[in-house]
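Going by my numbering, the sequence shown opens with residue 31, and the numbers climb by one from there. Notes to accompany the following structure.
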Amino acid sequence: GLATVMVMIATLVTWLVPPTTTLHDVRVADEPIAFVGDAELPPEISATVGDLELDLSGLELKQDTTLAVNLGVGDLTVKLPPGVTAAVTWHVGAGSASVPGGPQDEGLNLSGTRSVSGGPAAPTLTLQVSLKAGTLEVVS
Numbered sequence: 031g032l033a034t035v036m037v038m039i040a041t042l043v044t045w046l047v048p049p050t051t052t053l054h055d056v057r058v059a060d061e062p063i064a065f066v067g068d069a070e071l072p073p074e075i076s077a078t079v080g081d082l083e084l085d086l087s088g089l090e091l092k093q094d095t096t097l098a099v100n101l102g103v104g105d106l107t108v109k110l111p112p113g114v115t116a117a118v119t120w121h122v123g124a125g126s127a128s129v130p131g132g133p134q135d136e137g138l139n140l141s142g143t144r145s146v147s148g149g150p151a152a153p154t155l156t157l158q159v160s161l162k163a164g165t166l167e168v169v170s
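Structure follows, in structure tokens:
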């Protein structure tokens, strides 16, 4: 069924996609990643396959920051920090996307942009998400 096809695609992607050179680069995402300060936040997080949980709920930003998150195949959950304006741009090749301020979308070539306001003086987290196949959930 679908699960078998996803496993086959994930295996193929793991073998064919070379790792990138980012501060947080893993082939298989299998445990949560959390950040609390903008100084430790890398510019990009990439994984080839797996379930990636990116917990930014404890992140305290002092300045505007951009973070790119790339996942080949799997489920990606991003927990946004409170008190921060978040500008989220995403693309999901095949699967589903649920982002604050919008309905859950399912299908092929899903993309969009949403903003979550943190207040007039709040720093902005620009989040750029790319997921080739799987489920994207952004939680504020």
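In this text, a Cβ means the ideal position worked out from N, Cα and C, and glycines have one as well. Quick caveat: nothing in here was measured; it's all calculated off a predicted structure.
Between residue 63 and residue 99, the gap from beta carbon to beta carbon reaches 7 Å or more. When the five nearest sequence neighbours on each side are left out, the beta carbons in the same chain lying within less than 8 Å of the beta carbon of residue 147 are those of 115, in order along the chain. When the Cα atoms are used, residue 97 and residue 160 turn out to be separated by approximately 11 Å. Counting only runs that start and end inside the segment 55-83, there is no beta strand (DSSP E) element of at least 3 residues.
Per DSSP, residue 93 lies in no beta strand (DSSP E) and is assigned neither H nor E.
Judged by DSSP secondary structure, residue 122 falls within the beta strand (DSSP E) whose first and last residues are 115-128.
The beta-bridge partner set that DSSP reports for residue 160 consists of 100 and 121. Taking 7 Å as the cut-off, the Cβ atoms of residue 86 and residue 109 count as close.
Around the CB of residue 138, fewer than 16 other CB atoms lie within 10 Å, so the residue is classed as exposed.
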